[in-house]
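Going down the list, the sequences are from chains V, Y and A. Note that the first sequence covers residues 1 to 223 in our numbering. Note that the second sequence covers residues 1001 to 1103 in our numbering. Note that the third sequence covers residues 2001 to 2103 in our numbering. Step one of this worksheet: look at the structure below.
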Amino acid sequence: MHEQPHDHVSHDQAEPHAGVRPDADDTLGYYQLMEIAVREILIEKGLVSAEAVRSEIEKMDARSPALGARVVARAWSDSAFKSKLLEVGNDALEDLGLERGSYKLVVVENTANVHNLLVCTLCSCYPRWLLGLPPDWYKSRNYRSRAVREPRAVLREFGLDLRNDVTVRVHDSTADMRYLVLPARPEGTEGWSEKQLAAIVTRDCMIGVAVPKALHRGTEQSA
Amino acid sequence: MRSHHDMGGRSAGRVEATEHDYALWEKRVDALLVLLSRVGRITTDELRKNIEALGPDAYDRMTYYERWIHSITQTLIQRGVITVEELGRRMAQVEARHKDEHR
Amino acid sequence: MSGEGTPQAVAARFRPGDHVKVRWADAPGHVRTPWYVRGHAGVIERVCGTYPNPEELAYARSGLPAQPLYRVRFVQAQVWPDYAGRPLDTIDVEIYQHWLEPA
């Protein structure tokens, strides 16, 4: 997606930036035009404010898989929290000082014999308040079509090969629930702090296309 | 008739693990949906319905947030929050303004 | 959850463990019951609560009375004729009560 050089949230008149010369044929895409127009009209009608738009984007930017990783790390460290998370997920989030979210959270637990995978075949439902915005592949035709029908093949494409004695449970987020996979705590993490545990929990582990690996204690893995 | 968006189980290709940093305009679209829902001017299901109504070609051709802004706009028109006329006039103004700035 | 319905919410008919079948139907509109489970039998995994009907919300109507929503668990090998996974593999789908019948 081409970022407009003078794209400000608060106003759309381009401000001259010292040293930046815009392209002569820099045209706005039709839908970008539409976005600007609709937003301006709504602001003029008093239905939204520029400040509110800015604020929502800041909140959006502040949400990342690190939030979900904290939830997982706590669940691995505290069995009472884990039980609460599995039973009344949103309440457990509040205990951690996180947004409880406006959707009911269903946390599904991976064990030695069960592996969970999340998908939204109909659109792109995703636990955004815990993981941030979903990656393109999660919203793609190929993932949405195949994750329900051939989950093991899709997992292999992500590099995850499950043993034959592992049962795969796919969850299609079709209505008002939102999901998070609670990965199984890997061996070799005994005695780790929550911070160290959280560092090995990636976004992909919480969707179910990966499992956490006990690499160097405290090593940060990329999502 | 099965709708194009209802794709669970359809044959499809390999999952390419692509992602992109969202452009500012895309985040603004997302923010608009959140804010308009909060003031009761749109629901997630209206958003979805208007995306589903795009038809297969447009659905596949448009990017994710292009579908969203199209759908938000449709919903606002359907609800009488904005009119086609004021939208058309404003889009033309924005385009002219942008051309002037990039002369 | 079960008991008397009200003008605001339909009473829940099903409980976890109940065997249900997804009604076969094919009408246009905004539907959250995916094509691939229609006509299939499954088991109620849990009662999710009652929520306004998305089929109505999609048209800016209230969606009331709210419908009970369930997670229904299906055996993958029964859903897909060519399922290549393990016999115990499952798929859980959220389905509104008005799409479910006792099996």
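Don't be surprised by glycine CBs; every beta carbon is placed ideally from N, CA and C. Since the model is a prediction, treat every value here as computed from it, not as a measurement.
For residue 2073 of chain A and residue 2042 of chain A, I'd like the C-alpha separation in whole angstroms. Their Cα atoms are separated by approximately 5 Å.
Say the cut is 8 Å; is the CB of residue 2069 of chain A nearer than that to a heavy atom of the ligand GDP? Of ligands this structure carries none, so the ligand GDP is not represented either.
Under 9 Å between the Cβ atoms of residue 1044 of chain Y and residue 38 of chain V? Contact flag unset, no.
Contact between the stretch 2007-2024 of chain A and the stretch 2048-2068 of chain A: three or more CB pairs below 8 Å? The stretch 2007-2024 of chain A vs the stretch 2048-2068 of chain A: in contact.
Does the CB of residue 1043 of chain Y have a neighbour CB from chain V at under 9 Å? False, the Cβ-Cβ gap to chain V never drops below 9 Å.
Can you list the residues of chain V that residue 1095 of chain Y reaches, using a CB-CB cut of under 7 Å? Counting only Cβ-Cβ distances below 7 Å, residue 1095 of chain Y has contacts in chain V at 28 and 33, in chain order.
Just to confirm before moving on: does the CB-CB distance between residue 1035 of chain Y and residue 1047 of chain Y stay below 9 Å? No; because the gap between Cβ atoms is not below 9 Å, this pair is not in contact.
Can you name the residues of chain A whose CB is closer than 8 Å to the CB of residue 175 of chain V? Those within 8 Å of residue 175 of chain V in chain A are 2032, 2048, 2051, 2054, 2069, 2094, 2095 and 2096.
Could you tell me whether the Cβ of residue 2015 of chain A comes closer than 9 Å to any Cβ of chain V? No, no contact with chain V.
Based on the DSSP output, what are the partners of residue 2051 of chain A in its beta bridges? The partner list for residue 2051 of chain A (beta bridge, DSSP) reads A/2067.
Can you name the residues that DSSP bridges to residue 172 of chain V? Answer is V/119 and A/2093.
Quick check on the burial criterion: 16 or more other C-beta atoms within 10 angstroms. Buried or exposed for residue 1001 of chain Y? Taking all protein chains shown into account, residue 1001 of chain Y has fewer than 16 neighbouring C-beta atoms within 10 Å of its C-beta and is therefore exposed.
Where residue 2085 of chain A meets chain V, residues with beta-carbon distance less than 7 Å: Contact of residue 2085 of chain A with chain V by beta-carbon distance below 7 Å involves 151, 152 and 168.
I'd like to know if residue 142 of chain V contacts chain A, where contact means its C-beta is closer than 9 Å to some C-beta of that chain. Chain A, which has no Cβ nearer than 9 Å to the Cβ of residue 142 of chain V, makes this no.
Does residue 2019 of chain A come out as helix, strand or coil in the three-state DSSP assignment? Looking at residue 2019 of chain A - three-state DSSP - the assignment turns out to be strand.
Three-state class that DSSP yields for residue 1096 of chain Y in the structure shown: Note: residue 1096 of chain Y maps to helix in three-state DSSP.
Min CB distance residue 2008 of chain A to chain V below 9 Å: Chain V, which has no Cβ nearer than 9 Å to the Cβ of residue 2008 of chain A, makes this no.
Taking 9 Å as the CB-CB limit, is residue 209 of chain V close to chain A? Cβ-Cβ to chain A under 9 Å: no for residue 209 of chain V.
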